[in-house]
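Numbering (this note's numbering), first residue to last: 1 to 401.
Just so you know, even glycine gets a beta-carbon here, dropped at the ideal spot from N, CA and C.
Given the structure is predicted, the values throughout are model-derived calculations rather than measurements.
Here's the structure we're looking at; comments come further down.
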């Protein structure tokens, strides 16, 4: 029988515009500085020393090999296995998935998942141009059904948004309202890259990136880090941490299915990965979409958040626009989706994103999220995706439940 897995400590840095932050001595804020800040905070939150961590998984997308070791050496050097993880935008959640597997399988009693990113300003680009690009097949398939635009990310998600508009009558305003919501949520998040509130007209009138997606509906490049300490039930009991522990009651990771190339734009941005990962989590946890009060999901673009309402089972296909119009995904609605501000406003340092989502949901389940706190939280859902591809979905509940 698999061991239970608990989140016992979380920590994160403020997410920043690339290159904006410096250290106190004026030197650049580099990834070891980020890791030291988030990792120290997570260990302090758990009330343990780094020497009690038996394995560590460190996620980043842009960086040299063994950057994970260099990052964690800021905390200590204890000789433990440190595994470097790269899974595109789902890197942070993949690191957490692997750390949870180690505990679930009895290979460790305490494991650390840490993610960071030090990014270049502007749109994401390729580093290695002398070899096949991981998304080459996806982009070729998309080019056969949609006009071509570069950079690829807004094209891929914008095309899926257009497809939903054509099939179900969704409007540009529906997508803009998601950007409006997430920017409004971030006003109360000191860790958010942006903390500005906008009107709907300002969202709609901001610079067009790929119709219907305007700039204020797109996640920015970001620097930052987040960390999560996971532990077994025995570790939690020995350290008397049940009062703060959050249980991972369901978790699944999927990669692309053949159906991803079914001739639709939503297939190419991971629809079936999302659907199948969510189904596995619901089955494992015994919970359904209606049982969660708060959700952190991968809103790299507003179009993706809208499509995820349907993929995660919050509503039937074609009904996501109605959820937006009804205010079902904000405070006072059925769920609060992305209370942190989401990727659109909180920021998106790729390797840290999934772990920052877990950090926010842990605070929500503990009731310590301050002005962002959602009322009556008993269960939380996390979704993180990387194209090319991997989707990670996690269900969380307070340990004492």
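Item to check | beta strand (DSSP E) runs wholly inside the segment 262-307, at least 3 long, in chain order | outcome: Scanning the segment 262-307 from its first residue to its last, the whole beta strand (DSSP E) runs of 3-plus residues come out as 294-296.
Checklist entry - Under the three-state reduction of DSSP, which class applies to residue 35: helix, strand or coil? => result helix
Checklist entry - Which runs of the alpha helix (DSSP H), 4 residues or longer, sit entirely within the segment 178-263? => result You should have 200-205, 233-238.
Next on the checklist: What would DSSP say about residue 324, mapped onto helix, strand or coil?
Outcome noted: helix
Next on the checklist: Using CA atoms only, rank isn't needed, just tell me which of 267, 224, 72 is closest to residue 137.
Outcome noted: 267
Item to check | Continuous alpha helix (DSSP H) stretch holding residue 57: start and end | outcome: It is not in any alpha helix (DSSP H) - residue 57 instead sits in the beta strand (DSSP E) that spans 55-59.
Checklist entry - For residue 49, which of 83, 324, 86, 111 has the nearest alpha-carbon? => result 111
Next on the checklist: Just to confirm, is the Cβ distance from residue 44 to residue 115 under 7 Å?
Outcome noted: no
Next on the checklist: Just to confirm, is the Cβ distance from residue 354 to residue 92 under 7 Å?
Outcome noted: yes
Checklist entry - What residue from 182, 29, 8 has the CA that sits closest to residue 223's CA? => result 29
Next on the checklist: Quick check on DSSP: helix, strand or coil for residue 1?
Outcome noted: Coil at residue 1, not helix or strand.
Next on the checklist: According to DSSP, is residue 77 part of a helix, a strand, or is it coil?
Outcome noted: coil
Next on the checklist: If I follow the unbroken alpha helix (DSSP H) through residue 358, where does it start and stop?
Outcome noted: 353-366
Next on the checklist: For residue 308 and residue 297, I'd like the C-alpha separation in whole angstroms.
Outcome noted: Take the alpha-carbon of residue 308 and the one of residue 297: they are about 8 Å apart.
Checklist entry - Does the count of Cβ pairs from the segment 344-352 and the segment 309-327 closer than 8 Å reach three? => result no
Item to check | Cα-Cα separation, residue 78 to residue 51 | outcome: Cα to Cα, residue 78 sits roughly 7 Å from residue 51.
Next on the checklist: Measuring only the C-alpha atoms, how far is residue 232 from residue 19?
Outcome noted: 38 Å
Checklist entry - What are the start and end residues of the beta strand (DSSP E) that includes residue 157? => result Careful: residue 157 lies outside any beta strand (DSSP E), inside the alpha helix (DSSP H) at 152-168.
Item to check | C-beta atoms of residue 338 and residue 290 nearer than 7 Å | outcome: no
Checklist entry - Can you find at least 3 beta carbon pairs, one from the segment 70-77 and one from the segment 95-109, that sit closer than 8 Å? => result Judged by Cβ distances under 8 Å, the segment 70-77 makes no contact with the segment 95-109, as fewer than three pairs qualify.
Checklist entry - Using DSSP with H/G/I as helix, E/B as strand and the rest coil, what is residue 112? => result strand
Next on the checklist: Under 8 Å, with one C-beta from each stretch per pair, do the segment 63-71 and the segment 363-373 reach the 3-pair mark?
Outcome noted: no
Checklist entry - Do you know offhand how far residue 131's Cα is from residue 333's? => result Taking the CA atoms as reference points, residue 131 sits about 47 Å from residue 333.
Next on the checklist: Among 36, 248, 240, whose alpha-carbon lies nearest the alpha-carbon of residue 58?
Outcome noted: 36
Item to check | Whole-Å CB distance - residue 177 paired with residue 200, under 8 Å assumed | outcome: 7 Å
Item to check | For residue 385, the three-state DSSP class (helix, strand or coil) | outcome: Residue state, collapsed to three classes: strand.
Checklist entry - The alpha helix (DSSP H) with residue 344 in it runs from where to where? => result That run of the alpha helix (DSSP H) goes 342-346.
Next on the checklist: Could you tell me the alpha carbon to alpha carbon distance between residue 401 and residue 243, rounded to whole angstroms?
Outcome noted: Residue confidence for residue 401 is low, a pLDDT of 47 falling below 50, so the modelled location carries little weight; the figure read from the coordinates is stated next. Their Cα atoms are separated by approximately 11 Å.
Item to check | Distance CB(residue 186)-CB(residue 194) smaller than 7 Å | outcome: Against a cut-off of 7 Å, the Cβ pair of residue 194 and residue 186 comes out as a contact.
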